[in-house]
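Visitor: So the number in our numbering is just where the residue sits in the sequence shown, counting from 1, plus 342.
For each residue, glycine too, the CB sits at the ideal point set by N, CA and C.
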Amino acid sequence: DHRCPWVNNCIGFSNYKFFLLFLAYSLLYCMYIAATVFKYFIKFWTGELTNSRSKFHVLFLLFVAIMFFVSLLFLFGYHCWLVSHNRSTLEAFSAPVFQNGPDKNGFNLGFVKNLQQVFGEERKLWLLPVVSSQGDGHFFPTRILSESRNPLLANEDHWEEDGLQDDSQGQEADQAWKLNP
343 DHRCPWVNNC IGFSNYKFFL LFLAYSLLYC MYIAATVFKY FIKFWTGELT NSRSKFHVLF
403 LLFVAIMFFV SLLFLFGYHC WLVSHNRSTL EAFSAPVFQN GPDKNGFNLG FVKNLQQVFG
463 EERKLWLLPV VSSQGDGHFF PTRILSESRN PLLANEDHWE EDGLQDDSQG QEADQAWKLN
523 P
């Protein structure tokens, strides 16, 4: 799917669940750091923190944790949106092409099935870093398009009009033959 500088690796079918879990665990860790350092930040702000060396560390740790939290929140939110639509990062920018033409929602099976594609059917394994994704990475289920949504067959109205005209001409000829034997 794409190269990720955060993990210095390519993210694709075999490790997408682990990438999402990495983002979620990192978010939780940043919240934990900010929450545990916050009481020392309050002491620094009110002047109760006496050690001058720890002042810099408290400030640095809190602001870095908050900055990472915000950036990870946007990245995690975007990837949650991608999973909910069953898209990869590349498919979000360029729709995959099928026999019926490009379709940005071609792999969208519905919210729950999309989650199951990435995390597996057993919900108790969703938050654990174990392999539970569905499929083999070579073949993926797609939505079934009805003929009316198929761009190659979408011009059915024109066909019906042509067919009605042909039928009406044929009926007129039959009526004319019946009247004039």
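Go ahead and pull the three-state DSSP assignment for Val349.
Guide: Locating residue 349 in the sequence shown gives position 7, counting from the first residue. The answer is coil: DSSP assigns Val349 none of H, G, I, E or B.
Visitor: Looking only at its chain, what residues have a beta carbon closer than 6 Å to the beta carbon of Lys385, apart from the 5 residues adjacent to it on each side?
Guide: Position 43 of the sequence shown, counting from 1, holds the residue named residue 385. The answer, listed in chain order, is Leu391.
Visitor: Relative to the C-alpha of Gln476, which candidate in Phe361, Gly452 and Glu463 has its C-alpha closest?
Guide: Residue mapping note: residue 476 aligns to position 134 of the sequence shown, counting from 1. Ranking the options by Cα distance to Gln476, first place goes to Glu463.
Visitor: From the DSSP output, in three-state form, read off Gly479 for me.
Guide: For the purposes of this step, residue 479 is taken as the residue at position 137 of the sequence shown. Note: Gly479 maps to coil in three-state DSSP.
Visitor: In its own chain, which residues sit with a C-beta less than 8 Å from the C-beta of Leu401, not counting the 5 before and 5 after it?
Guide: The residue you call residue 401 lines up with position 59 of the sequence shown. So the qualifying residues of the chain are Phe383 and Phe386.
Visitor: Let me know the alpha helix (DSSP H) ranges lying completely inside the segment 438-472, each 4 residues or longer, listed in chain order.
Guide: Counting whole runs of 4 or more residues, the segment 438-472 contains the alpha helix (DSSP H) stretches 453-461.
Visitor: Looking at the unbroken alpha helix (DSSP H) that takes in Phe355, where does it start and where does it end?
Guide: Counting from 1 along the sequence shown, the entry for residue 355 is found at position 13. Neither: Phe355 is in no alpha helix (DSSP H) and is coded neither H nor E.
Visitor: Shortest alpha-carbon distance to Ile375 belongs to which of Trp348, Glu433 and Phe410?
Guide: The residue given as residue 375 occupies position 33 in the sequence shown. Per the Cα distances, Phe410.
Visitor: Determine whether the beta carbon atoms of His427 and Asn450 lie at a separation below 8 Å.
Guide: Counting from 1 along the sequence shown, the entry for residue 427 is found at position 85. Counting from 1 along the sequence shown, the entry for residue 450 is found at position 108. Closer than 8 Å, so yes.
Visitor: Among Phe364, Pro438 and Arg485, which one has its Cα closest to the Cα of Phe453?
Guide: For the purposes of this step, residue 453 is identified with residue 111 of the sequence shown, where counting begins at 1. Ranking the options by Cα distance to Phe453, first place goes to Arg485.
Visitor: In the structure shown, what three-state DSSP assignment does Leu399 receive?
Guide: Translated into the one-based positions of the sequence shown, residue 399 becomes position 57. Here residue 399 turns out to be His, not Leu, going by the sequence shown. Note: His399 maps to helix in three-state DSSP.
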